[in-house]
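FYI, in this note's numbering the residues of the sequence shown are 1 to 413. Glycine is no exception: its CB is placed at the ideal position from the N, C-alpha and C atoms. Worksheet: one structure, shown below.
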Amino acid sequence: MTDEIILTTCPRDCYDACGIEVSLRDGAIRRVRGDRNHPVSRGRLCRKCATAYNGVLLDPGARLQAPLRRDGPKGSGRFRLVSWDDALAEIAQRLAEVVEGPGAHTILGAHYTGTFALLGYHFPNRFLRRLGAREVDPDTICNKAGHVALEYLYGTSLDGFDPRSAADAACIMVWGANPSASAPHQHEHWLPEAPGRVIVVDSIRTATAQQADLHLQPFPGSDAALAFAIAHVIRRDGLLDHDLLRTHATGWEELEPLLEPCTPGWGERITGVPASAIEQAARWYGTGPSLLWIGQGFQRQPRGGNAVRAVAQLAAVSGNVGKPGTGFLYLNGAGNRMLDEDYVAGAHLPGSPPDPISHMDLALRTRSAHARCCAGTSTSPPPIPSKRGSGKRSRAQICSPWRSTCSRPTPLT
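So this is what it looks like as structure tokens:
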């Protein structure tokens, strides 16, 4: 008997959007695997998805199939089945009481992505917006410090380099990401197939770090100091992009003097990375053209935003932006997938107030011509007024309150 093959897309919360093949027999799922013709998955799924899709997710007995109502004090673990009608009626009644009493703005909607894709993620917000509820920024618990840092630095955190630009890159620096565990297709295909040298910065010697041309293994929490030491070498060895800094950057005159004491020897004492390795990484990356992949792990520390800013400024000072084979990547937003997230969430509907705390909306409104250029993209809208202050954000703001970062890196606590 021949299986029916359904082609679809993995809905989990990562950025590969892998193509998958679902084999059906007599209307039941028999097997799930990667789409062999998909440019990312190439016939394979990550271990997490391959295990789940072909295991527990096929077991109806492991699924919650009806609403459960707590039957006892919190923590007792006692629940009883209720019907959908009863559950929805009770929720609606309690929401109505709040709306009529203290007001809908006292309802705080908390949500995240996970396993239900972008439509499932945003579409329920139509109800919350129409109700007038407030929304917890979903990235607060995940990668918000990095988002804020890059929005301040370049105007956006949501536009990154096209992976195909690796063909033009002489160097790829992967800082604080672990593709071998969390981006297997990049680990198995993209990085090995890239013609340039690969530098991995990670406190753990991951499988990707083992395969890299150079692994920098800093002490946890010393990323900003390592970035300053690399910037020192870029400046010392004449690898600065003076034209970019003069034309498109704000704050270089404040940052430059801070680099003077941050020698490779200083970097070795602070970070544990050998001075020779710092020198080599700075020359490979600074000479370029180079790509910078900024992971989300190292921003989960005290002053994590400043650590991201210290790392991300390397692209500007070395001129590795706005040219073939250059740019940086934190994550690509829904705009790169041609999806209007605000529209899906119902921001356009009558009576629906705009999301008051959407970082995505803020990034879109503060994006500048050079910000998109620095992110490695090709379109350049005119600069527009910033929502965070006076003036226009038409220049990369590469300087920040880093004096304490350079002289006293924050340990991981």
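Inter-residue spacing [alpha-carbon to alpha-carbon] between Pro302 and Arg80: Taking the sequence shown and counting its residues from 1, one reaches residue 302 at position 302. Taking the sequence shown and counting its residues from 1, one reaches residue 80 at position 80. Each residue's Cα considered, the two are about 43 Å apart.
Buried versus exposed call for Val136 [16 or more other C-beta atoms within 10 Å across all chains shown]: The residue you call residue 136 lines up with position 136 of the sequence shown. Exposed, since its Cβ has fewer than 16 Cβ neighbours within 10 Å.
Sufficient close CB pairs (3 or more, under 8 Å) joining the stretch 175-184 to the stretch 201-219: By the Cβ test, the stretch 175-184 is in contact with the stretch 201-219, since at least three Cβ pairs between them sit closer than 8 Å.
Spatial distance of His185 from Leu95 (CA atoms): Residue numbering aside, residue 185 sits at position 185 when the sequence shown is read from its first letter. Residue numbering aside, residue 95 sits at position 95 when the sequence shown is read from its first letter. Rounded to whole angstroms, His185 to Leu95 spans 44 Å at the Cα level.
Host alpha helix (DSSP H) of Gly19 (start-end): As a position in the sequence shown, residue 19 is number 19, starting the count at 1. In the DSSP annotation of this structure, Gly19 is not part of any alpha helix (DSSP H); the continuous beta strand (DSSP E) holding it starts and ends at Gly19 to Arg25.
Cβ pair Gly43, Ile20 closer than 8 Å: On the sequence shown, residue 43 is found 43 positions in, with the first residue counted as 1. On the sequence shown, residue 20 is found 20 positions in, with the first residue counted as 1. The answer is no: Cβ separation not under 8 Å.
Distance CB(Pro439)-CB(Asp168) smaller than 8 Å: Missing from the structure shown is residue 439; the chain here goes from 1 to 413 and no further.
Between the CA atoms of Asp213 and Arg235 - distance to the nearest angstrom: As a working mapping, residue 235 is identified with position 235 in the sequence shown. As a working mapping, residue 213 is identified with position 213 in the sequence shown. One C-alpha to the other measures close to 23 Å.
DSSP three-state assignment for Ala249, whether helix, strand or coil: Start at 1 with the first residue of the sequence shown, and residue 249 comes out as number 249. Three-state DSSP puts Ala249 in a strand.
CA-to-CA distance, Gln217 to Cys49, given in whole angstroms: As a working mapping, residue 49 is identified with position 49 in the sequence shown. As a working mapping, residue 217 is identified with position 217 in the sequence shown. Rounded to whole angstroms, the gap between the alpha carbons of Cys49 and Gln217 is 30 Å.
DSSP beta-bridge partners of Phe328: To locate residue 328, count along the sequence shown from 1; it is residue 328. Partner(s): Leu292.
Ala207 CB to nearest heavy atom of the ligand MG below 7 Å: In the structure shown, the ligand MG is absent, as is every other ligand, since no ligand is present at all.
Distance, Val82 Cα to Tyr343 Cα: For the purposes of this step, residue 343 is taken as the residue at position 343 of the sequence shown. For the purposes of this step, residue 82 is taken as the residue at position 82 of the sequence shown. Computed Cα separation, rounded: 34 Å.
4-residue-minimum alpha helix (DSSP H) runs that sit fully inside the stretch 171-199, ordered along the chain: 179-182
Completely contained beta strand (DSSP E) runs for the stretch 55-129, where each covers 3 or more residues: 68-70 and 79-81
Contact check, Val22 vs Leu150, beta carbons under 8 Å: Counting from 1 along the sequence shown, the entry for residue 22 is found at position 22. Counting from 1 along the sequence shown, the entry for residue 150 is found at position 150. Result no, Cβ atoms of Val22 and Leu150 do not sit closer than 8 Å.
Boundaries (first-last residue) of the beta strand (DSSP E) holding Leu314: As a first step, residue 314 is located in the sequence shown; it is residue number 314 there, counting from the start. Not the beta strand (DSSP E): Leu314 falls in the alpha helix (DSSP H), residues Gly304 to Ser318.
Neighbourhood of Ala66 by C-beta distance below 8 Å, restricted to the same chain and skipping five residues each side: In the sequence shown, residue 66 corresponds to position 66, counting from 1. The residues are Leu81, Val82, Ser83 and Trp84.
One or two residues paired with Val321 in a DSSP bridge: Counted from its first residue, the sequence shown places residue 321 at position 321. DSSP output for Val321 lists no bridge partner at all.
N- and C-terminal bounds of the beta strand (DSSP E) containing Glu151: Walking along the sequence shown from the start, residue 151 turns up at place 151. Counting along the chain, Glu151 falls outside any beta strand (DSSP E), though it belongs to the alpha helix (DSSP H) covering Lys144 to Tyr154.
Chain-order list of residues whose beta-carbon lies under 6 Å from that of Val198 (same chain, five-residue window excluded): On the sequence shown, position 198 is the one that residue 198 refers to. So the list reads Ile172, Leu191, Ala212 and Asp213, once near-sequence residues are dropped.
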